[in-house]
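Q:
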Amino acid sequence: MHCAINKWNLLVKILYGIQATGNGHISRSRMLAKYFNQHKIDVEVQYLFSGRDPQQLFDMEAFGEFWHRQGLTFVTQNGQVDYLKSAFHNNLFRFLYDVINLPVDNFDLLITDFEPVTAWAAKLHNKPVIGIGHQYAFGENTPVTGANFIAKSILKNFAPAKKSVGLHWHAFDNNILPPIIDTQLQTKTLTEHNNIIVVYLPFESQTAVTQLLQHFPQWHFIQYAPDVEDKNQANVSLRKVCYQGFKNDLCQARGVICNSGFELISECLHLSLPILTKPIKGQMEQLSNAHALAQLKFATIMHELCEKTTETWLATINNQENTVTKIIPDVAKALVNWILNDPEQPIEQLSTQLWKMTH
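My numbering runs 88 ahead of the 1-based position in the sequence shown.
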């Protein structure tokens with residue numbers, strides 16, 4: 089790596105690739121962008137997003153004039169990854185064209201948050217690249233389940249990086265940091281009459297989700313998804329995904345029902361919110377997340393949309409003993425300082441420092 093250029097008082101140019109299939113990657117990168125933007129005299133960051141149509145991206149002001157590439161993504165149907173449809177959906181010729189023609193020589197350093205165009209362009213041109221993300225935490229000591237040859241190959245080869253910085257809820261290995269979240273998120277003062285549950289299950293049938301929630305009329309569910317219209321159906325308020333609206337509702341919720349993505353659950357742990365989570369079938373990362381959450385006793389797991397499991401979980405929400413609080417330091421700030429000042433420093437040192445601040 090040769091990015092500690094600030095000591096020569098030169099402008100550091102960084103290309104930061106972000107996988108946009110899930111909102112978690114974008115939320116995490118938004119926090120890093122906040123601190124990169126505080127160093128505009130020293131650093132110029134060009135953001136690149138792939139894996140989702142650009143018109144489906146929202147609240148992107150923090151990233152300025154970002155680039156977009158088609159990239160690679162996965163097709164899910166009714167909460168399950170369909171590998172065959174994913175293979176036909178992705179245009180490999182376009183992907184190779186974008187990799188070959190990405191102007192990586194214009195940058196001092198490349199960063200990838202599991203974004204394949206940036207990662208493979210760096211590999212092709214032998215450029216330094218740092219992988220930052222939850223996927224880079226899956227070493228030999230991290231709990232893994234649902235692994236098969238395809239899943240392992242995707243994890244290893246989807247967005248390779250010369251230097252990896254993993255993120256997880258526990259220090260399973262010495263290259264792993266605590267989650268990157270907005271540490272300013274705070275739970276609003278709740279009254280005893282507050283009965284709001286935030287629901288975010290974007291890979292499930294939204295009709296099936298609504299029908300499940302309507303079995304519990306004593307609770308008010310706010311059901312977020314990318315492809316719904318804002319409307320109320322009995323005790324369920326349907327809401328199209330909106331960054332600020334979602335954060336506001338999260339901070340006044342009594343609990344959260346969600347898939348087993350990393351970023352949202354990290355925010356829930358920070359806010360001491362009870363979690364009911366359903367991993368996506370056939371998705372090794374989410375199945376492994378659910379396995380880790382169960383092992384750490386951080387959440388309740390359901391593998392199907394289950395009325396009985398939901399009922400049991402809702403009945404425990406008022407029990408303080410079942411609430412997990414995870415105090416997480418400002419990892420984004422520390423990581424940006426590491427990138428700009430001393431990326432030659434072993435990530436193990438930063439990992440030790442940050443985990444001492446996590447409890």
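Positions of the beta carbon are idealized from the N, C-alpha and C atoms, including for glycine.
How far does the beta strand (DSSP E) with Glu355 in it reach, from first residue to last?
A: As a position in the sequence shown, residue 355 is number 267, starting the count at 1. Premise fails: Glu355 lies in the alpha helix (DSSP H), 350-358, not in any beta strand (DSSP E).
Q: Using the Cα positions of Thr230 and Lys385, report the straight-line distance between them to the nearest angstrom.
A: By 1-based counting over the sequence shown, the position of residue 230 is 142. By 1-based counting over the sequence shown, the position of residue 385 is 297. Between Thr230 and Lys385, the C-alpha separation is close to 15 angstroms.
Q: Measure the Cβ-Cβ separation of Leu375 and Gly234 and say whether it is below 8 angstroms.
A: As a first step, residue 375 is located in the sequence shown; it is residue number 287 there, counting from the start. As a first step, residue 234 is located in the sequence shown; it is residue number 146 there, counting from the start. Yes.
Q: Mind checking whether Gly105 and Thr200 have CB atoms under 8 angstroms apart?
A: Looking up residue 105 in the sequence shown gives position 17. Looking up residue 200 in the sequence shown gives position 112. Yes. Within cutoff.
Q: State the beta-bridge partners of Asp201 as determined by DSSP.
A: Residue 201 sits at position 113 when you count from the first residue of the sequence shown. Asp201 is bridged to Ile106.
Q: Measuring CB atoms only, is the stretch 417-434 touching the stretch 380-400, in the sense that at least three cross pairs come out at less than 8 angstroms?
A: Too few Cβ pairs lie closer than 8 angstroms, so no.
Q: Could you tell me the distance, in whole angstroms, from the CA atom of Asn320 to the CA atom of Leu326?
A: In the sequence shown, the residue the question calls residue 320 occupies position 232. In the sequence shown, the residue the question calls residue 326 occupies position 238. Approximately 6 angstroms between the Cα atoms of the pair.
Q: Give me the residue from His127, His447, Gly219 with the minimum Cα distance to Lys251.
A: Taking the first residue of the sequence shown as position 1, residue 251 is located at position 163. Checked all of His127, His447, Gly219; the closest Cα to Lys251 is Gly219.
Q: Are His308 and Ile284 touching if we call contact CB-CB under 8 angstroms?
A: One-based indexing of the sequence shown puts residue 308 at position 220. One-based indexing of the sequence shown puts residue 284 at position 196. Contact: yes.
Q: So what does DSSP say about Cys339, is it helix, strand or coil?
A: Your numbering for residue 339 matches position 251 in the sequence shown. Three-state DSSP puts Cys339 in a helix.
Q: State buried or exposed for Asp318, treating a residue as buried only when at least 16 other CB atoms are found within 10 Å of its CB.
A: Within the sequence shown, numbered from 1, the residue matching residue 318 stands at position 230. It counts as exposed.
Q: Buried or exposed for Gly110, please, with buried defined as at least 16 other CB atoms from any protein chain shown within 10 angstroms of its CB.
A: The residue labelled residue 110 in the question sits at position 22 within the sequence shown. Gly110 comes out buried.
Q: Check the DSSP bridge columns for Gln165 and list the partner residues they point to.
A: By 1-based counting over the sequence shown, the position of residue 165 is 77. Answer is Gln168, bridged to Gln165.
Q: Is it buried or exposed, Gln441, if we count other Cβ atoms within 10 angstroms and call 16 or more buried?
A: Against the sequence shown, residue 441 aligns to sequence position 353. Classification for Gln441: exposed.
Q: If you reduce the DSSP assignment to three classes, tell me which class Phe137 lands in.
A: Mapped onto the sequence shown, residue 137 falls at position 49. Correct three-state label for Phe137: strand.
Q: With DSSP as the reference, label Phe309 as helix, strand or coil.
A: The residue labelled residue 309 in the question sits at position 221 within the sequence shown. Residue state, collapsed to three classes: strand.
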